[in-house]
Every structure is written in C-alpha cells, then in structure tokens.
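*Asks:* A single structure is presented below for examination.
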Amino acid sequence: MSPRMWIIVGAVFGALAVGTGAFGAHALKERLEETGKSETYEIAVRYQMYHALALVLVGLVGLQMPAPSLNVAGLCFTVGIVVFSGLLYPLALGGPKIFGAIVPIGGLSFIAGWLVLATAAFAKK
3 MSPRMWIIVG
13 AVFGALAVGT
23 GAFGAHALKE
33 RLEETGKSET
43 YEIAVRYQMY
53 HALALVLVGL
63 VGLQMPAPSL
73 NVAGLCFTVG
83 IVVFSGLLYP
93 LALGGPKIFG
103 AIVPIGGLSF
113 IAGWLVLATA
123 AFAKK
C-alpha cells in the first residue's frame, strides 16, 4: 500500500475513534457506568486512536524512506485496531465473553507493528 493510503487509513480510524469516544461518553455513558465497563470502552477508544496515529506515522515515514516492511507495520496496526478495539467495544456492551480471549491477539499485533516499524527505521541508512 502506498504511504498516502496509510495516512488515509490512519485518519479514518482516528475519526472513527473520536466519534466512537463521543458516542460512548454521551449516548452510552449510563449503560457503561451501570455495568462497570466504562474503562474497557475507554481503553478501546484510546488504543484505536494511538494506533490510528501510528498508521499516519507509517505513511509519513514511508514518504521519507520507503521500505516494504512499513506495509507490514501498517497491516499489523490495522489488524490490531480491528481485533483489539473492535472486540473490546462489544465486550464493553455485554458481548460474548469469548471476545476477551481473542483481544490479546490484537495486542500482539500492535506490539509486532511497533517492532516492525523500529526495524524498518533501523534498517534504513
């Protein structure tokens, strides 16, 4: 994927994080507080935003020093957002508890993305 596309994907995930966060803070506030799941929902939003910014970073780095491994980093961040945050949202709203067993795969994907990004930066002279 081109660096510009990673910037676009990151920006879209960032916009969705803002919207999802606002929805949770307003429309879902009472429900999340009653069930004690506000923190879970907030973690999902926070990690989505962090990694949306990481995708923008992948794109910006790719504009300056293109490397195929940056696509791997971007893919890892994308998978992480979808799996980690994407499963924490329904889990916070009473979704199947099995989601909690899958969420760590998203966390591992985030870690892999950061390590691949570091490797890509280190490999460039």
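Numbering (the numbering used here), first residue to last: 3 to 127. Every residue, glycine too, gets a C-beta built ideally from N, C-alpha and C. As the structure is a prediction and not an experimental result, all values here were calculated from the model.
Buried or exposed: which applies to I107, given that a residue is buried once 16 or more other Cβ atoms fall within 10 Å of its Cβ?
*Replies:* Result: exposed.
*Asks:* Would the segment 3-13 count as touching the segment 67-79 if we require 3 or more Cβ pairs under 8 angstroms?
*Replies:* The segment 3-13 is in contact with the segment 67-79.
*Asks:* Using DSSP with H/G/I as helix, E/B as strand and the rest coil, what is L30?
*Replies:* DSSP places L30 in coil when its eight states are reduced to three.
*Asks:* Output the distance between the C-alpha atoms of Q66 and A114, rounded to the nearest integer angstrom.
*Replies:* For Q66 and A114, the distance between alpha carbons rounds to 22 angstroms.
*Asks:* Enumerate, from N- to C-terminal direction, the unbroken alpha helix (DSSP H) stretches of 4 or more residues contained entirely within the segment 8-91.
*Replies:* Whole alpha helix (DSSP H) segments, 4+ residues: 31-37, 40-66, 70-82.
*Asks:* Relative to the alpha-carbon of W116, which residue among G97, L59, A24 has its alpha-carbon at the smallest distance?
*Replies:* The candidate whose alpha carbon is nearest that of W116 is L59.
*Asks:* Near V81, which residues of its chain fall below 6 angstroms by C-beta distance, leaving aside the five closest residues on each side in sequence?
*Replies:* Hits under 6 angstroms: S111.
*Asks:* Flag this pair as yes or no: are the beta carbons of G61 and I9 separated by less than 8 angstroms?
*Replies:* Taking 8 angstroms as the Cβ cut-off, G61 and I9 qualify as a contacting pair.
*Asks:* Using the three-state DSSP reduction, which class does S111 fall into: helix, strand or coil?
*Replies:* Three-state result, S111: helix.
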